[in-house]
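Have a look at the structure below, then the notes.
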Amino acid sequence: ARAALGKRNLVLIGLMGAGKSAIGRMTAQALGIPFIDSDHEIERVSRMSITDLFAAYGEAEFRALETRVIKRLLRSGPRVVSTGGGAYINENTRKHIRRGGLTVWLKADLDVLWERVNKRDTRPLLKTENPRQTLENLMNARYPIYAEADLTVLSRDVKKETMVEEVLA
Ligand code: S3P
């Protein structure tokens, strides 16, 4: 798998809670290449949390920064890059992602996603009156776009290792 990848990046896309970071980290380890999470990189360069960035500058500014960070991360492959849930949905960012590597969509159903994001308070987009409904709306809007990915892996109740093997295969 490592040889087949060449200098291309492997980019994980999908909704919050799908497991992009966990699966990305393990896949990178298996391939022996670096792993980077775009949200972490955004937090590092801005020296702010995603929550604070949204609060201080709003989503549009966040997306502009996200585009720049992801573009730069993809410049020196091969890497495994996990992206924030909205990255691939942004037309500009999507262009860079499609140019920069192979895309893997971690697809999960609403119950699985909800179970995972529900416990944390780090998703500004879900600070709504009915966050579960918001998540469902995001699913409906985004799934047709994620579906363009080169590879779709179902994120479900199997061992993470099994999902990593699917990606590598
Ligand atoms: C977002 C997902 C988050 C983060 C930001 C916006 C989105 O990343 O980038 O809160 O638009 O879905 P995760 O998918 O890693 O939670």
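When you number the sequence shown by the UniProt record's numbering, it's gap-free, plus one each residue, and the end is 184. Yeah, the Cβ is synthetic: ideal placement off N, Cα and C, and Gly gets one too. Predicted, not measured: the structure shown is a model, and the values here were computed from it.
Report task. Locate the alpha helix (DSSP H) running through LEU141, then write down its first and last residues. Result -> For this step, residue 141 is matched to residue 126 along the sequence shown. LEU141: not part of any alpha helix (DSSP H); DSSP gives it neither H nor E.
Report task. Taking 8 Å as the threshold, find out whether the region 58 to 76 comes into contact with the region 113 to 121 through three or more Cβ pairs. Result -> At 8 Å Cβ cutoff, the stretches do not touch.
**Report entry** LEU166 burial status per 10 Å Cβ neighbour count (16 or more: buried)
**Finding:** By one-based count along the sequence shown, residue 166 stands at place 151. With a 10 Å radius around the Cβ and a threshold of 16 neighbouring Cβ atoms, LEU166 comes out exposed.
Report task. Report buried or exposed for GLU81, applying the criterion of at least 16 other Cβ atoms within 10 angstroms of its Cβ. Result -> Counting from one through the sequence shown, the residue named residue 81 turns up at place 66. GLU81 comes out buried.
Query - Proximal residues to LEU20 (C-beta, below 6 Å), its chain only, five neighbours per side dropped - result: As a position in the sequence shown, residue 20 is number 5, starting the count at 1. If we look at LEU20 and ignore the five residues flanking it on each side, its Cβ neighbours are PRO93.
Report task. For PHE69, write down the residues that DSSP places opposite it in a beta bridge. Result -> Counted from its first residue, the sequence shown places residue 69 at position 54. BP columns for PHE69 are empty, so no partner.
**Report entry** ASP52 in three-state terms, based on DSSP
**Finding:** The residue you call residue 52 lines up with position 37 of the sequence shown. Here ASP52 sits in strand by DSSP.
Report task. Whole angstroms is fine: what's the gap from ALA156's alpha carbon to PRO146's? Result -> The residue labelled residue 156 in the question sits at position 141 within the sequence shown. The residue labelled residue 146 in the question sits at position 131 within the sequence shown. Rounded to whole angstroms, ALA156 to PRO146 spans 15 Å at the Cα level.
Report task. Classify GLY39 as helix, strand or coil using the three-state DSSP reduction. Result -> Residue numbering aside, residue 39 sits at position 24 when the sequence shown is read from its first letter. Here GLY39 sits in helix by DSSP.
Query raised in the report: For the alpha helix (DSSP H) that ASN107 lies in, which residues bound it at each end?
Result: Sequence index remark: in the sequence shown, residue 107 carries index 92 (1-based). Note, ASN107: alpha helix (DSSP H), 106 to 115.
Requested in this report: Thinking LYS43 and VAL95 are a contact (beta carbons under 8 Å), I'd like their distance in whole angstroms, please.
Outcome: Position 28 of the sequence shown holds residue 43. Position 80 of the sequence shown holds residue 95. The sequence shown places Ala at residue 43, rather than the Lys named in the question. Contact between ALA43 and VAL95 holds, since their C-beta atoms are separated by about 4 Å, short of 8 Å.
Requested in this report: Can you tell me which of ALA79, ARG114, VAL173 and LEU153 puts its alpha carbon nearest to the alpha carbon of GLY29?
Outcome: Position 14 of the sequence shown, counting from 1, holds the residue named residue 29. Of ALA79, ARG114, VAL173 and LEU153, the smallest CA-CA separation from GLY29 is found for LEU153.
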